[in-house]
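Engineer: Here it is, the structure, as structure tokens.
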Amino acid sequence: MSNSKYKIGFYVLLAINLALVGLFVFRPKVPMPQKDMKEEISLKLNLTEAQKAIFFELAEDHRETIDSLERQQRAYIESLFSQLITSNADRNKTALLQEILQLEEEKITVTYAHFESLKSICTEEQLESFDEVILRIVPALTNSPGRPGNPARAPR
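Following the working numbering, the numbering of the sequence shown begins with 7 at its first residue and continues without gaps.
Quick look at the structure:
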């Protein structure tokens, strides 16, 4: 075979390899299937239709509030790290960190109040399952290694 055929073959194989690498690296991320947390909670607590309606409204309000707080928090975090690029690195650092911590505290407080509201609409029989629901939810809220779908990470 001539040298030019080897070169053509080499470039064809190189192009195929690059295309395969590109497909693996840049493919769209498929979200992990996750049960709807609201449905799971309502099933575990055996909520009535009226309770479900109240709970779903509470959950929607909670989600909107948390999303808003997280958007604010991301903006503060971006501002904090953008200071590394500019020359005024320590100028607002403490104030931004305080805002970030304040928003984190507010997220926890809002979530706690949300579950207090859920608890308040439960009957005595449902309250027996409430503790189990909370114990199952806390790892998901804290992104703990013990939560379903999150492999245990080694301590740092």
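Heads up, the beta-carbon is just placed ideally off N, CA and C, and yes, glycines get one too.
#1: Between residue 147 and residue 117, how many whole angstroms is the CB-CB distance? I'm expecting something under 8 Å.
#2: Going by beta carbon distance, what residues of the same chain come within less than 7 Å of residue 161, once the five residues before and after it are set aside?
#3: Could you tell me whether the stretch 60-67 touches the stretch 77-90, where touching means 3 or more Cβ pairs closer than 8 Å?
#4: Count the other CB atoms within 10 Å of the CB of residue 31; is the residue buried (16 or more) or exposed (fewer)?
#5: Mapping the DSSP letters down to three states, classify residue 98 as helix, strand or coil.
#6: Could you please give the first and the last residue of the uninterrupted alpha helix (DSSP H) stretch that includes residue 137?
#7: Whose C-alpha, out of 92, 24 and 87, is nearest the C-alpha of residue 103?
#8: Taking Cβ to Cβ, would you say residue 132 is nearer than 9 Å to residue 109?
#9: Do residue 61 and residue 19 have their CB atoms nearer than 9 Å?
#10: Which same chain residues, not among the five before or five after residue 44, have their C-beta less than 8 Å away from its C-beta?
#11: Give the DSSP-derived three-state secondary structure of residue 33 in the structure shown.
#12: Once the 5 residues before and after residue 75 are set aside, which same chain residues still bring their CB inside 8 Å of it?
Structural biologist: Checking against the coordinates, here is how it stands:
#1: One-based indexing of the sequence shown puts residue 147 at position 141. One-based indexing of the sequence shown puts residue 117 at position 111. Contact flag correct, Cβ pair sits at about 7 Å.
#2: Taking the sequence shown and counting its residues from 1, one reaches residue 161 at position 155. Reliability of the predicted coordinates at residue 161 is poor, the pLDDT of 46 falling under 50, and the value obtained from them is presented with this limitation in mind. Cβ within range, chain order: n/a, list empty.
#3: no
#4: Looking up residue 31 in the sequence shown gives position 25. Result: exposed.
#5: The residue given as residue 98 occupies position 92 in the sequence shown. DSSP places residue 98 in coil when its eight states are reduced to three.
#6: Here residue 137 refers to the residue found at position 131 of the sequence shown. Where residue 137 is concerned, the enclosing alpha helix (DSSP H) stretches over 130-148.
#7: One-based indexing of the sequence shown puts residue 103 at position 97. Measuring from the Cα of residue 103, the nearest candidate turns out to be 87.
#8: The residue you call residue 132 lines up with position 126 of the sequence shown. The residue you call residue 109 lines up with position 103 of the sequence shown. Not a contact, by the Cβ cut-off of 9 Å.
#9: As a first step, residue 61 must be located in the sequence shown, where it is residue number 55. As a first step, residue 19 must be located in the sequence shown, where it is residue number 13. Taking 9 Å as the Cβ cut-off, residue 61 and residue 19 do not qualify as a contacting pair.
#10: Position 38 of the sequence shown, counted from the first residue, corresponds to residue 44. Contacts found: 61, 62 and 65.
#11: Counting from one through the sequence shown, the residue named residue 33 turns up at place 27. It is coil, neither helix nor strand.
#12: As a working note, residue 75 is residue 69 in the sequence shown. The answer, listed in chain order, is 109, 112, 113 and 116.
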